[in-house]
Amino acid sequence: MSKFSTLLILFVDSVAQGRWRGRIAQAAASAGAAVIEHPAGAHYEPASNTVILTDDINWTMLIAPSDTACFSDAALPVASSARPSMVERSLIFEHSRRLVVAAHLQARGALVFGPTNSIVDLPLIGKVHAEPPTMTAGVCSPSPLDMYRTIPPSVGAAAVWSGGLFAYPSKDQLDGGDPHVDLTGRSRAVVHGPYYYLTPGVWRSVTDFTIDPEGGEARLRIEWGTAPEMTAQSLTLTSPGRYRLELDHTWQDSGAAQLVVWTERPLFQGKFYIEACHVTCLSQLQTDGHDEFNSPRSCISGS
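The sequence shown begins at 148 in the working numbering and counts up one residue at a time.
Set out below in structure tokens:
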């Protein structure tokens, strides 16, 4: 065990980083602590009391939660268009990972500070005052990660995932296809994603979609969960219209959320389109290991 102490400061979003990073670095220097701001490596051994300033969650594999403070101002990412680029969707995915890591760390003793904190008292360096806010508070734009307005998400916390956030296979690629799916072809996954991380607990997806079997019979299988454990519902649809499918699934551990739509047999016609997926936290996982929600639940309605 090292004779020197380390404090890991994990910035969950850029707004928190802007308010705190410079001030914490100054306070660390004044306290005689070394400051590290580079990404995590394979190993870490401090040569002096050290403060690590980072948004790299890999540092959390090297530093104990009890020596960690997370700063999150709930500055959640917003999709810039109805069909964000793969790069933008990847950034939302990475943000969800930082949020779920912050929730994981808080449950294990880490400090977590939010937008209402302007003065904090930190190990090694003492009291630190945040930079004054650079903008006034306004109406929050809807975010695919709205369930993380608090860390961890509270029961009832919800978000809406538009159809443009999902991945649509194209030929031999896992993404790049048209969100207005042509069901013609072999049995396959026609929609998957968006892989945003959710905390342990029971999460409900309510998916609104339209389908036109074009005179045929469309057999679909819709799955919700985190691989390899998924809750599924098979559907046989013969009438065009707008449908709503509700699925509940228990996350035993934090994991990437997937909604996957499969065609269960080859089809010669048919159109399919996801309008939106509404995601809601129904329950936090029981801390004693007992989970009362161990039965999958599903419900479908159509018009």
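All C-beta atoms in this analysis are idealised placements derived from N, C-alpha and C, irrespective of residue type, glycine included.
Predicted model, so just to flag it, every value in this text is computed and none were measured.
Between the region 372-391 and the region 308-316, do three or more beta carbon pairs fall short of 8 Å?
-> Touching, no, given that fewer than three Cβ pairs across the two stretches are closer than 8 Å.
Out of Ile421, Ala306, Arg368, Ser381, point me to the one whose CA is closest to proline 224's CA.
-> Against the sequence shown, residue 224 aligns to sequence position 77. Checked all of Ile421, Ala306, Arg368, Ser381; the closest Cα to proline 224 is Ala306.
With a 10 Å radius around its C-beta and 16 neighbouring C-beta atoms as the bar for buried, classify glutamate 184 as buried or exposed.
-> For the purposes of this step, residue 184 is taken as residue 37 along the sequence shown, with counting starting at 1. Per the 10 Å Cβ criterion, exposed.
For phenylalanine 356 and glutamate 422, believed in contact at Cβ under 8 Å, the rounded distance | Along the sequence shown, read from residue 1 onward, the residue named residue 422 stands at position 275. Along the sequence shown, read from residue 1 onward, the residue named residue 356 stands at position 209. Your pair glutamate 422 and phenylalanine 356 checks out as a contact, with CB atoms roughly 6 Å apart and the cut at 8 Å.
Contact check, alanine 216 vs leucine 154 under 8 Å by CB: the rounded distance?
-> Here residue 216 refers to the residue found at position 69 when the sequence shown is read from its first residue. Here residue 154 refers to the residue found at position 7 when the sequence shown is read from its first residue. Contact between alanine 216 and leucine 154 holds: their C-beta atoms lie close to 7 Å from each other, under 8 Å.
Under the rule that 16 or more other beta-carbon atoms within 10 Å means buried, what is phenylalanine 415, buried or exposed?
-> Against the sequence shown, residue 415 aligns to sequence position 268. Exposed is the call here.
Over what stretch of residues does the alpha helix (DSSP H) that includes alanine 189 continue unbroken?
-> Along the sequence shown, read from residue 1 onward, the residue named residue 189 stands at position 42. For alanine 189, no alpha helix (DSSP H) segment is defined, and its DSSP state is neither H nor E.
Check whether the Cβ atoms of isoleucine 247 and serine 430 lie closer than 8 Å to each other.
-> To locate residue 247, count along the sequence shown from 1; it is residue 100. To locate residue 430, count along the sequence shown from 1; it is residue 283. Residue identity differs from the one stated: residue 247 is valine in this sequence, not isoleucine. For valine 247 and serine 430, no; Cβs fall outside 8 Å.
Taking Cβ to Cβ, would you say glycine 402 is nearer than 8 Å to leucine 345?
-> Start at 1 with the first residue of the sequence shown, and residue 402 comes out as number 255. Start at 1 with the first residue of the sequence shown, and residue 345 comes out as number 198. Taking 8 Å as the cut-off, the Cβ atoms of glycine 402 and leucine 345 count as close.
Can you give me the Cβ contacts of valine 328 inside the same chain, cut-off strictly under 6 Å, excluding the 5 residues immediately before and after it?
-> For the purposes of this step, residue 328 is identified with residue 181 of the sequence shown, where counting begins at 1. Hits under 6 Å: Val337, Phe419.
Buried or exposed for threonine 297, please, with buried defined as at least 16 other CB atoms from any protein chain shown within 10 angstroms of its CB.
-> Here residue 297 is taken as the residue at index 150 of the sequence shown, counted from 1. With fewer than 16 Cβ atoms within 10 Å of its Cβ, threonine 297 is classed as exposed.
Mapping DSSP to helix, strand and coil, what is valine 248?
-> For this step, residue 248 is matched to residue 101 along the sequence shown. The answer is helix: DSSP assigns valine 248 an H, G or I state.
Simplified DSSP state of glutamate 361, which is helix, strand or coil = Residue 361 sits at position 214 when you count from the first residue of the sequence shown. Glutamate 361 falls in the coil class under three-state DSSP.
Return helix, strand or coil for serine 113, following the three-state DSSP convention.
-> As shown, the chain starts at 148 and ends at 450. That puts residue 113 outside it, with no answer to give.
Compare the C-alpha of tryptophan 371 against each of Ser381, Tyr191, Ser288 and name the closest.
-> As a position in the sequence shown, residue 371 is number 224, starting the count at 1. Residue Ser381 is the option with its Cα nearest to tryptophan 371.
With 8 Å as the threshold, decide whether the Cβ of alanine 175 is near any Cβ in chain D.
-> Of the protein chains in this structure there is only one, and it is not chain D.
Coarse secondary structure for alanine 180, derived from DSSP in three states | The residue you call residue 180 lines up with position 33 of the sequence shown. It is coil, neither helix nor strand.
Buried or exposed: which applies to aspartate 268, given that a residue is buried once 16 or more other Cβ atoms fall within 10 Å of its Cβ?
-> The residue labelled residue 268 in the question sits at position 121 within the sequence shown. So aspartate 268 ends up on the exposed side.
Nearest to proline 413 by alpha carbon, out of Arg366, Gln405, Leu432?
-> Mapped onto the sequence shown, residue 413 falls at position 266. Of the listed residues, the one whose Cα sits closest to proline 413 is Arg366.
If we call anything under 8 Å between Cβ atoms a contact, is phenylalanine 151 one with alanine 194?
-> Looking up residue 151 in the sequence shown gives position 4. Looking up residue 194 in the sequence shown gives position 47. The answer is yes: Cβ separation under 8 Å.
Once you ignore the five residues that flank proline 316 on each side, which residues in its own chain have a CB closer than 6 Å to its CB?
-> Your numbering for residue 316 matches position 169 in the sequence shown. These residues qualify, in order along the chain: Gly324.
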